[in-house]
Amino acid sequence: MSLSDLSENKPSGREDAPINMFQFWDHNPPAEVVSLMSTWQAEPGVNYRLFNNETAEDYIRERIGLDACMAYRACNVGAMKADFFRYCALYEEGGVYIDADTQNLGGLSTLYDPTSKGLFFVRNSKLANDFMIICRPHEYLMQYAIDKAIQNINQKLSNNVWEVTGPGILTALYRSEDPEKVRLFEDYVILPVTEIRKVVGFKWDLPYKQDASHWVAYQTEQRSIFKTD
């Protein structure tokens, strides 16, 4: 299925209620990221909300619970916090989560299909949910992702962000040989990641990605992705 197929199959009577849109940046975002976020803030028909470390922690504690909040606090990397928060926000309210270091190229409405449970993208047979997820509220997959992330964090499963809180969680389900697990994705639209480039502009060379706080630096320098205090 392509974006054009999705748009053609969408019912004409789309609800007028705004779509929830969530973004996250743990502290003060750099100017280049603020500029990118503004392209999503300007998207018509969305209820846009930007969360930081403190507001995300409050949200998780109040909406999801103390166990989830404690797991969030144990994350030592901004990307882990973003991963964890997106699952919580989408489970609780549904809508769109989009990474802050991307540009809105237009056409978001072509992705939003109210007849499906949500939308994922695949890259080389792996779920590429590290930049955008669309999901209805209270869906099992988001609850599973929250629970699995809590377990992975508490057990300090590995020092790999992708595996502990990132796309590895749902990719393991998607690639499972258990048909019951695979069927969990049946009512979701799943598109190749090449399709998203028509809507989302990726910025790979932003200065902050060379900073020591970036998740890649933690992997390269073998610093712990978990807080020790």
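No gaps in the numbering here: position 223 of the sequence shown is 223 in the UniProt record's numbering, and each next residue is one more. Glycine included, every Cβ here is placed at the ideal spot set by N, Cα and C.
As the crow flies, the alpha-carbon of residue 105 is around 9 Å from that of residue 197. The C-alpha of residue 206 is placed about 14 Å away from the C-alpha of residue 37.
At a cut-off of 3 residues, the continuous stretches assigned as beta strand (DSSP E) that sit fully inside the segment 86-163 are 95-98, 102-104, 118-123 and 132-135.
Of the candidates 34, 33 and 51, the residue whose Cα lies closest to the Cα of residue 24 is 51.
Boundaries for residue 192: no alpha helix (DSSP H) harbours it, while the beta strand (DSSP E) harbouring it runs 188-192, taken from the DSSP string. Here residue 53 carries a helix assignment [DSSP, helix/strand/coil]. Put simply, the backbone Cα of residue 133 is about 8 Å away from that of residue 90.
Residue pairing for residue 23: DSSP places it in a beta bridge opposite 50. Straight through space, the alpha carbons of residue 146 and residue 136 are spaced by roughly 15 Å. The C-alpha of residue 68 is placed about 28 Å away from the C-alpha of residue 114. Its chain contains 67, 68 and 71 as the residues whose beta carbon lies nearer than 8 Å to that of residue 150, once the 5 sequence neighbours on both sides are disregarded; these appear in chain order.
Here residue 75 is bridged, per DSSP, to 226. Three or more Cβ pairs closer than 8 Å define a contact, and the segment 87-101 meets that threshold against the segment 28-45. Under DSSP, residue 200 forms a beta bridge with 104.
Under the 10 Å beta carbon count, residue 129 is surrounded by 16 or more other beta carbons and is classified as buried.
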